[in-house]
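S.K.: Residue numbers (this note's numbering): 1 to 384.
Even for Gly, the Cβ is constructed at its ideal location relative to N, Cα and C.
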């Protein structure tokens, strides 16, 4: 059995134990949808970071920096600044007014049934497209990383889907929260260790590091990756960058799987604390992706990365170059854990919106007398 497969199975085993533990504590609607509002500020902050730092953040950002230098780094800036919007505008009113979903807040001031229907439709649309991308990424990633194990794309997608359903149906929000916490800790540990190895390669000299970045070989030419313009070129490069920044900053404030996390804490003050924790962790992570991306460009090389899986393999190939096959397996398992945690978060937010907004408050006019019926509908939705 290959080392990457062993590490994948180890993470799956840990998360299934968490799910079993959470299932014994998720008996009511409040426990299933909001983890009993028992999550502390630092725990929710780590979980928010775990939910937010997807495969696109880990593999995609490192890859785009490895191929497009400074312009790729600007993606990191937009995603981090987005949490200022969440902190200053979203977190406190969401927790004060809402119960389980964003529609609770909107229905407080607007006509409840139409706004809940549209908010739920929006949530389901966003999570579906987001989930498709994550599932396709999971299948591609597992196929590339476990090619020696003979696991096909279809088997990988089905496997991720089964695990996702197990986390949500059995353990609810509590299981999803702790899966995201474990994933965030592993991801931060892996990126920090890999960043240290990158700097060790340059004898911990920032002068050598930045000199190498300024002289990256791209085919037959040498390119300065510290100069802007590799991606955002005149005449419309500046407009493209502004458009990207607005999408990242304001789009994040509407992501349903992020917003539902603020219902898991006891009060608005704890919600604000959790956003601060998330910003610190996410900010640190995106600083580390800079080392990963530039390290991959200078140590591994664009040509080699392109020939061995493409842009998204930049971080795993860097890990293999600096730490050998075992470290490559560890980073690969982290990438897999990243996808699992994000998909679980998307699933719980979609099933909660369908059960609470559409089923309970639109179809039944908020008149359900059995809260467990809402939970059963959410579980069926997650399975479907």
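Whole alpha helix (DSSP H) runs in the segment 277–335 with 4 or more residues, listed along the chain?
M.R.: For the segment 277–335, whole alpha helix (DSSP H) runs of length 4 or above, ordered along the chain, are 302–307.
S.K.: To the nearest whole angstrom, what separates the beta carbons of residue 248 and residue 79, a pair I think is in contact under 8 angstroms?
M.R.: So it is a contact: roughly 5 angstroms between Cβ atoms.
S.K.: Considering residue 221, what are the terminal residues of the beta strand (DSSP E) in which it resides?
M.R.: Where residue 221 is concerned, the enclosing beta strand (DSSP E) stretches over 221–223.
S.K.: In the DSSP output, which residue or residues are listed as bridge partners for residue 216?
M.R.: Answer is 223.
S.K.: Distance check for residue 134 and residue 31, CA to CA, integer angstroms please.
M.R.: Their backbone Cα atoms lie some 27 angstroms apart in a straight line.
S.K.: Which runs of the alpha helix (DSSP H) spanning at least 4 residues fall entirely within the segment 48–126, listed in chain order?
M.R.: Complete alpha helix (DSSP H) runs here, min 4: 61–68, 70–85, 91–97 and 102–109.
S.K.: Determine, using beta-carbon pairs with one atom in the segment 256–271 and one in the segment 343–350, whether at least three such pairs fall under 8 angstroms.
M.R.: Yes, they touch.
S.K.: What does a CB cutoff of less than 6 angstroms around residue 218 pick up in its chain, not counting 5 residues either side in sequence?
M.R.: 302.
S.K.: Roughly how many angstroms lie between the CA atoms of residue 441 and residue 233, to the nearest whole one?
M.R.: Lying outside 1 to 384, the shown extent of the chain, residue 441 is not represented and no answer is given.
S.K.: Considering just the uninterrupted stretch of the alpha helix (DSSP H) at residue 361, what are its terminal residues?
M.R.: That residue, residue 361, is in no alpha helix (DSSP H); it is neither H nor E in DSSP.
S.K.: In whole angstroms, what is the alpha-carbon distance linking residue 376 and residue 214?
M.R.: Approximately 57 angstroms between the Cα atoms of the pair.
S.K.: To the nearest angstrom, how far is the alpha carbon of residue 90 from that of residue 97?
M.R.: Those two C-alpha atoms are separated by around 11 angstroms.
S.K.: Whole-angstrom Cβ separation of residue 265 and residue 41, contact assumed at under 8 angstroms?
M.R.: About 7 angstroms separates the two Cβ atoms, so the contact holds.
S.K.: Any chance you could list the beta strand (DSSP E) runs of at least 3 consecutive residues sitting entirely within the segment 188–214, in chain order?
M.R.: Correct list: empty.
S.K.: Would you say residue 293 and residue 138 are within 8 angstroms of each other, going by their C-beta atoms?
M.R.: Contact: no.
S.K.: Would you mind reading off the limits of the alpha helix (DSSP H) that contains residue 248?
M.R.: That run of the alpha helix (DSSP H) goes 237–252.
S.K.: For residue 125, count the other beta carbons within 10 Å of its own beta carbon; 16 or more makes it buried, fewer makes it exposed. Which is it?
M.R.: By the 10 Å Cβ count, residue 125 comes out exposed.
S.K.: Helix, strand or coil for residue 167? Go by DSSP, reduced to three states.
M.R.: Three-state DSSP puts residue 167 in a helix.
S.K.: Roughly how many angstroms lie between the CA atoms of residue 296 and residue 318, to the nearest whole one?
M.R.: Distance between the alpha carbons of residue 296 and residue 318: 5 angstroms.
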